[in-house]
Amino acid sequence: MKKKEQALVISQEMLADGIFSMWIRTDAANAAKPGQFLSMYTDDGTKLLPRPISICEIDRDGEALRMVYRVTGPETGTEQFSRLQAGDKIEIVGPLGNGFPLEKAAGKRAMLMGGGIGVPPILELAKELAGELEPVQKMIVVGYRDSQTFLKEEFEQNGALYLSTEDGSVGTKGNVMDAVRENQLDADIIYACGPTPMLRAIKAYAQENGIECYISLEERMACGIGACLGCVCKSREKDEHSNVHNKRVCKDGPVFLASEVEI
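Quick note on my numbering: the sequence shown kicks off at 55 and runs consecutively.
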């Protein structure tokens, strides 16, 4: 079982309304993979449970992780995170979860899809797919609410970028699937992270077109280690821990082969 660690805040900035980027120095950077997350704790004794935050970028040489997150409201854990400044400490546990299977993309056309706060983990995935794998043709499709397209510049440096916005202010008006249709995109493999309705549409699209598809589920993860069963989702196969048809998102996931889970 992973132990808690006091990570050092290197920097913090606001990227868009309610969206913050925090770099932290942590031993977790040495083992982290795209698609994994950290459990992050506040120093508020009234908030005992950690907040699961997906890893956005990994700097292994500098032993640092970039966490991009949305503040969910006043006096919440994430709002307290946003007050931290360089030099402060934050208690974390991680890296947790399984991450995206990068090796599956070798020599293929890969479509990387993110929506809402599911956008940040797609960045490190895009960066690492350019590593030592066979050449990967990357199409990055990300969706936003409006023109505040945080991380856009970083995505442009790591693949062909296609944007959608709900209000039509940038890119395709609509969602990520609208952008796929408008740009007539096709792929051999899909990696996706975002809200459940988006993932449900992507799963259906992948099944209809015979595309291998991996999705990262966003659930409320209380313990982060698979003990409390508070983040289970329906699955095709029986879970070894509970012997029923479910999977623990924090332990067995958060990334699943789309055909393995019901959403």
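Quick reminder that beta carbons are idealized off the backbone N, C-alpha and C, glycines included.
- Its Cα nearest to that of Val196, the residue Lys206 stands out among Val190, Pro189, Lys206.
- With fewer than 16 other Cβ atoms from the protein chains shown falling within 10 Å of its own Cβ, Ala214 counts as exposed.
- Closest by C-alpha distance to Pro249, out of Pro308, Gly148, Ile243, Met193, is Pro308.
- Residues Lys56, Lys58, Ser93 of the same chain have their beta carbon placed closer than 6 Å to that of Val147, with the five preceding and five following residues left out of the count.
- Counted as a single uninterrupted DSSP element, the beta strand (DSSP E) harbouring Glu111 occupies residues 105-113.
- Ile317 carries a coil assignment under DSSP once its states are collapsed to helix, strand and coil.
- The residues Leu217, Val224, in chain order, have a CB closer than 7 Å to that of Thr203 in the same chain once the five nearest residues on each side in sequence are set aside.
- Judged by DSSP secondary structure, Asn212 falls outside any alpha helix (DSSP H); it is assigned neither H nor E.
- Taking a C-beta distance under 8 Å as the contact criterion, Val125 and Lys162 do not qualify as a contact pair.
- Cβ-Cβ distances below 7 Å link Ala85 to Pro149 in the same chain, with the five nearest sequence neighbours on each side left out; the list follows chain order.
- Within the region 67-99, no run of alpha helix (DSSP H) reaches 4 residues while sitting entirely inside it.
- Going by DSSP, Gln134 is part of the alpha helix (DSSP H) stretching over 131-135.
- Comparing alpha carbon positions, the residue from Phe91, Ala260, Arg120, Gln90 closest to Ile73 is Arg120.
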